[in-house]
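Visitor:
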Amino acid sequence: MTQKKSLCFLFMLTLLLIMPLQTASAQNLDALSDYSIKLAISPSHVEEGSSEHSIGYLYVLSKNGIPITSSRDVSITLSSDDPLIASVPEKIILKANEEYASFDVTTGTLTGNTVITAILDSKTTFQEIQVGNTETHLPDDLILELNIPTNEMHVNSKMPFSVYLKTSDGFVIRAPFDIDVNLEYEKSLAIPNSDMLTIKKGEYYAWGTLETNEKVGNTFLRAIQTETNLDTAKSVKISSTLPTSLAIDVFPKLITAEVEKKLDIFVSVVDSDGNPTIT
270 MTQKKSLCFL
280 FMLTLLLIMP
290 LQTASAQNLD
300 ALSDYSIKLA
310 ISPSHVEEGS
320 SEHSIGYLYV
330 LSKNGIPITS
340 SRDVSITLSS
350 DDPLIASVPE
360 KIILKANEEY
370 ASFDVTTGTL
380 TGNTVITAIL
390 DSKTTFQEIQ
400 VGNTETHLPD
410 DLILELNIPT
420 NEMHVNSKMP
430 FSVYLKTSDG
440 FVIRAPFDID
450 VNLEYEKSLA
460 IPNSDMLTIK
470 KGEYYAWGTL
480 ETNEKVGNTF
490 LRAIQTETNL
500 DTAKSVKISS
510 TLPTSLAIDV
520 FPKLITAEVE
530 KKLDIFVSVV
540 DSDGNPTIT
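Sequential numbering of the sequence shown, starting at 270, is according to the numbering used here.
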């Protein structure tokens, strides 16, 4: 599932769950043959480690694709192809006059993909779920990126930056293991908070901060990934002026919809040109 399709699916699912549904009147499902059941697991990609995730939903659709309710409680059978990766309750109840039933998915001791199946009488639906990162190596067409909000700074100021790996077609890589990125810089003008950043296993990026001293001039920040022989650099112009407004930077700016992830938000003061400065 592409990122756009994932975002569209999550948006439609959210609308389905939180807004009043256009449902038909309660139906006797025993007497109704032209209906289907829909299983939704969102997100369909979760982190590894034993945990319960409230991400499973099941609802009944009419032949026109409109959610319908049942006139009585109905029992739905659930199963997982590999419970050691992810398990589900054996049965859940879609209560009378309820638009959907929800259930927990419990991740186990293994990582990988498994299929969750739901059965109601003769109706069957299923969805695949991925637990953890199953990749064990990096692709060949890698590009090391060094992302900075701006290439201009002021004296005695700080600026966040991030490093990440992407493929030649722009797909950001989720690290299959810890990836160290070394930093080179001109000490007399600006210094990062660490000489090495590590993209942790399962993460997409690592971030640090670059701090200038009292000197003005031009400097650089270079990122090097030794094992892949990749490097990249950015130049930074350092000047001096007074602050005029606030700026907000969010890292990362793009994430996949399948993964629940925290964002790092940085607030800084900037001058009239939008460059970081101090108060």
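For each residue, glycine too, the CB sits at the ideal point set by N, CA and C.
Which whole runs of the beta strand (DSSP E) in the stretch 391-423 are 3 residues long or more, in chain order?
Guide: 392-400, 411-416, 421-423, all fully within the stretch 391-423.
Visitor: Would you mind stating whether residue 420 and residue 505 have Cβ atoms separated by less than 8 Å?
Guide: Your numbering for residue 420 matches position 151 in the sequence shown. Your numbering for residue 505 matches position 236 in the sequence shown. Yes; because the gap between Cβ atoms is below 8 Å, this pair is in contact.
Visitor: Could you tell me the alpha carbon to alpha carbon distance between residue 330 and residue 318, rounded to whole angstroms?
Guide: Taking the sequence shown and counting its residues from 1, the one referred to as residue 330 is at position 61. Taking the sequence shown and counting its residues from 1, the one referred to as residue 318 is at position 49. Straight-line Cα distance between these residues: approximately 34 Å.
Visitor: So is residue 314 buried or exposed if we call it buried at 16+ other beta carbons inside 10 Å?
Guide: The count along the sequence shown starts at 1 and reaches residue 314 at position 45. Residue 314 is buried by the Cβ-count criterion.
Visitor: For residue 357, write down the residues that DSSP places opposite it in a beta bridge.
Guide: Reading the sequence shown from its first residue, position 88 is the one you call residue 357. Residue 357 pairs with nothing; no bridge assigned.
Visitor: Out of curiosity, what's the CA-to-CA distance linking residue 534 and residue 334?
Guide: Against the sequence shown, residue 534 aligns to sequence position 265. Against the sequence shown, residue 334 aligns to sequence position 65. Taking the straight line joining both Cα atoms gives about 40 Å.
Visitor: List the whole-angstrom C-beta distance separating residue 342 from residue 361, where the pair is believed to meet the contact cut-off of C-beta under 8 Å.
Guide: Locating residue 342 in the sequence shown gives position 73, where the first residue counts as 1. Locating residue 361 in the sequence shown gives position 92, where the first residue counts as 1. No, residue 342 and residue 361 are not in contact; Cβ-Cβ is about 11 Å, not under 8 Å.
Visitor: Using the beta-carbon count (16 or more within 10 Å), is residue 345 buried or exposed?
Guide: If you number the sequence shown from 1, residue 345 lands on position 76. Label assigned to residue 345: buried.
Visitor: Taking residue 494 as the reference, which of 441, 453, 328 has the closest Cα?
Guide: In the sequence shown, counting from the first residue as 1, residue 494 sits at position 225. With distances taken between Cα atoms, residue 494 lies closest to 453.
Visitor: According to DSSP, which residues form a beta bridge with residue 518?
Guide: The residue you call residue 518 lines up with position 249 of the sequence shown. BP columns for residue 518 point to 535.
Visitor: CA-CA distance, residue 381 and residue 396?
Guide: Within the sequence shown, residue 381 is the residue found at index 112, counting from 1. Within the sequence shown, residue 396 is the residue found at index 127, counting from 1. The alpha-carbon atoms of residue 381 and residue 396 are separated by roughly 14 Å.
Visitor: Shortest alpha-carbon distance to residue 350 belongs to which of 372, 399, 412?
Guide: The residue given as residue 350 occupies position 81 in the sequence shown. Among 372, 399, 412, the Cα nearest to that of residue 350 belongs to 399.
Visitor: Within 10 angstroms of the Cβ of residue 514, are there 16 or more other Cβ atoms? Answer buried if so, exposed if not.
Guide: Here residue 514 is taken as the residue at index 245 of the sequence shown, counted from 1. With fewer than 16 Cβ atoms within 10 Å of its Cβ, residue 514 is classed as exposed.
Visitor: On a CA-only basis, which of 443, 354, 417, 328 is nearest residue 388? Give me that one, please.
Guide: Counting from 1 along the sequence shown, the entry for residue 388 is found at position 119. Checking every option, the nearest Cα to that of residue 388 belongs to 328.
Visitor: With contact counted as at least three CB pairs below 8 Å, one residue from each stretch, are the stretch 411-420 and the stretch 431-440 in contact?
Guide: The stretch 411-420 is in contact with the stretch 431-440.
Visitor: Would you tell me roughly how many angstroms separate the C-alpha atoms of residue 282 and residue 489, rounded to the nearest one?
Guide: Within the sequence shown, numbered from 1, the residue matching residue 282 stands at position 13. Within the sequence shown, numbered from 1, the residue matching residue 489 stands at position 220. A caution first: residue 282 carries a pLDDT of 49, below 50, which makes its placement in the model unreliable, though a value can still be read off. Cα to Cα, the separation comes out at about 46 Å.
Visitor: Going straight from the alpha carbon of residue 474 to that of residue 468, what length do you get?
Guide: Stepping through the sequence shown from its first residue, residue 474 is reached at position 205. Stepping through the sequence shown from its first residue, residue 468 is reached at position 199. Their backbone Cα atoms lie some 5 Å apart in a straight line.
Visitor: Return yes when the Cβ of residue 521 is within less than 8 Å of the Cβ of residue 431, no when it is not.
Guide: One-based indexing of the sequence shown puts residue 431 at position 162. One-based indexing of the sequence shown puts residue 521 at position 252. Yes, they are a contact pair.
Visitor: Once you ignore the five residues that flank residue 293 on each side, which residues in its own chain have a CB closer than 7 Å to its CB?
Guide: By 1-based counting over the sequence shown, the position of residue 293 is 24. With a pLDDT of 47 at residue 293, under the threshold of 50, the modelled position of that residue is not reliable, and the figure given next carries that caveat. Answer for residue 293: 331, 335, 337, listed in chain order.
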